[in-house]
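First the structure, in the form of structure tokens, and then the observations on it.
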Amino acid sequence: EAERTPPDAEGRAELERRVQELREAVQRHLEALAERLRQENAEAMPFDPSQRLMDQRELDRRTQEMQDAAREGRTDRLQQELAELERMLDALQEGRVARSEGGNARSQRQQEQRERGQQQMGAVQDMVQRQGEMLDRAYRRDQSPQGERRPEPRGPQQQQRRQPPAAQQQQPQQGDTAEAQRDGRQQRALRRALGELMQQFGDLTGEIPEALGRADQAMRQAQEALGQGRDPVPHQQQAIRELQEGGRQMAQSMQRQFGEGEGEGEGQGQAMDSQGQQQGQQGQDRMTGQSQGRDPLGRPTREAPGANDQGSDTAVPQEAEMLRSRRIQEELRRRGAERERPTQELDYIDRLLRAF
1 EAERTPPDAE GRAELERRVQ ELREAVQRHL EALAERLRQE NAEAMPFDPS
51 QRLMDQRELD RRTQEMQDAA REGRTDRLQQ ELAELERMLD ALQEGRVARS
101 EGGNARSQRQ QEQRERGQQQ MGAVQDMVQR QGEMLDRAYR RDQSPQGERR
151 PEPRGPQQQQ RRQPPAAQQQ QPQQGDTAEA QRDGRQQRAL RRALGELMQQ
201 FGDLTGEIPE ALGRADQAMR QAQEALGQGR DPVPHQQQAI RELQEGGRQM
251 AQSMQRQFGE GEGEGEGQGQ AMDSQGQQQG QQGQDRMTGQ SQGRDPLGRP
301 TREAPGANDQ GSDTAVPQEA EMLRSRRIQE ELRRRGAERE RPTQELDYID
351 RLLRAF
């Protein structure tokens with residue numbers, strides 16, 4: 001009978017106020033939980049069955065029961081319901097804190113993984129540069145000394161003057177052979193580094209870009225060509241193209257896995273395309289033949305003011321001229337390796353390269 005003794009008006013109002021406060025607190029936590037579930041991956045937030053969470057319908061039902069118990073004076077039942085509601089509220093609060101801490105830990109892990117992935121993408125950029133340096137040396141070996149295309153001498157005296165002694169012809173050949181052997185060792189080391197990077201990126205993201213596998217094959221073919229005294233240039237060009245494509249695929253994989261912020265992954269992928277083009281603006285005019293008074297090699301033409309008509313176009317270039325010519329060659333080869341360029345432009349680049 002005591003349980004059903006109705007409380008006075010003041011006591012009933014206090015109970016109803018307490019019920020309403022608990023109801024609003026639980027509702028706020030339920031709304032916060034729903035919002036977090038929408039923002040985060042629900043699979044990453046394991047549900048603890050020991051915590052009896054409630055939905056809005058159950059909350060409304062329990063609130064109505066407590067209000068009825070307060071009006072009817074069932075204070076013991078009301079106290080039990082209040083204690084149960086408070087326990088659920090505590091569970092919601094603890095779960096929210098735990099999920100927040102877990103989310104912070106996941107964010108930190110993802111940030112660390114993102115940084116490792118960006119470092120690996122930077123390593124691919126470095127490989128593009130190193131492979132390009134070997135390609136440049138291969139071009140120089142192919143063009144010097146017999147492969148260099150010079151204009152035919154105009155007279156017997158010039159022909160005699162330009163004919164180097166046999167000892168001078170043999171010495172560059174021996175130097176080229178030694179350089180090719182060194183490049184063969186460097187090519188092997190670069191390929192080994194690529195293999196390690198592919199494994200690390202696979203461990204990080206669970207996938208290995210197919211283009212990196214093709215780059216590995218091209219490097220192997222270039223290594224074999226260097227070891228056998230054959231031309232490695234086509235394989236090295238292919239390796240550069242595949243490394244650039246591999247960088248783009250790595251950026252896409254990073255975007256899928258970790259959701260790069262503010263275009264970070266895209267920027268890294270685009271950096272693969274622009275590798276080696278920092279000198280492009282300076283060499284653009286010379287490459288397209290727009291530099292006043294100079295040929296594609298950077299040498300003064302006979303029409304240029306001050307040009308020496310007595311063989312200045314075929315004279316041995318000075319150091320500055322050689323550096324300028326080398327930069328032009330490097331820019332042409334870089335652009336020629338980017339096969340996504342228009343066919344007409346690639347044909348023109350190939351014609352310019354044949355001039356070397």
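Terminal number for the sequence shown in full-length UniProt numbering: 356, no gaps in between.
Virtual Cβ for every residue (Gly too), placed ideally from N, Cα, C.
Small disclaimer: the values here were computed from a predicted structure and weren't measured.
Burial state of residue i (16 or more Cβ within 10 Å)
i	result
Q129	exposed
E115	exposed
L323	exposed
T177	exposed
P342	exposed
D60	exposed
G246	buried
R62	buried
S107	exposed
E330	buried
E112	exposed
Q70	Before going further, note that residue 70 is Ala rather than Gln in the sequence given. Buried, by the Cβ-count rule.
Q80	exposed
D68	exposed
E152	Residue confidence is low: E152 scores 40 on pLDDT, short of 50, so the model does not pin down where it sits. Its coordinate-derived value is still stated next. Exposed.
G11	exposed
D203	exposed
D350	exposed
D90	exposed
D76	exposed
R74	buried
Secondary structure of residue i, DSSP reduced to three states
i	result
R256	helix
residue 370	For the chain, the structure presents residues 1 to 356; residue 370 sits outside this window and is missing.
E115	helix
R339	coil
G206	coil
R74	coil
D136	helix
P49	Confidence at P49 is low in this model, with a pLDDT of 42, below 50, so its placement is unreliable and the value that follows should be read with caution. It is coil, neither helix nor strand.
Element boundaries [alpha helix (DSSP H), containing residue i]
i	result
E210	E210 to G227
Residue i versus the options, residue with shortest Cα-Cα distance
i	options	result
Q64	R109, L15 and D90	L15
Q199	A189, Q187 and L212	L212
I135	D76, Q217, F201 and R334	For the record, residue 135 in the displayed sequence is Leu; it is not Ile. The option with the nearest alpha carbon to L135 is R334.
D183	L332, E112 and Y139	Y139
R57	D90, E84, R23 and L82	R23
R248	Q79, R327 and P209	P209
residue 369	D76, R137 and A69	Residue 369 falls outside the range modelled here, since the chain spans only 1 to 356, and no answer is possible.
Q20	E31, R74 and L82	L82
E72	A13, R185, Q119 and A193	A13
E86	G117, R74 and R18	R18
E133	R192, G117, R327 and L194	R327
Q118	D216, T205, G227 and Q181	T205
S253	R214, E207 and L194	E207
Q228	R185, G195 and R192	R185
M88	Q143, R28 and R74	R28
Q143	S325, A193 and Y348	S325
Contact check, residue i vs residue j, beta carbons under 8 Å
i	j	result
E179	R141	yes
D131	L190	Just to set this straight, residue 131 is Gln in the shown sequence, not Asp. Cβ distance < 8 Å, so Q131 and L190 count as in contact.
Q125	F258	no
A239	M219	yes
E188	Q223	First, the residue type needs correcting, since residue 188 is Arg and not Glu in the sequence shown. Taking 8 Å as the Cβ cut-off, R188 and Q223 qualify as a contacting pair.
R354	L346	no
M127	L243	yes
A337	R241	yes
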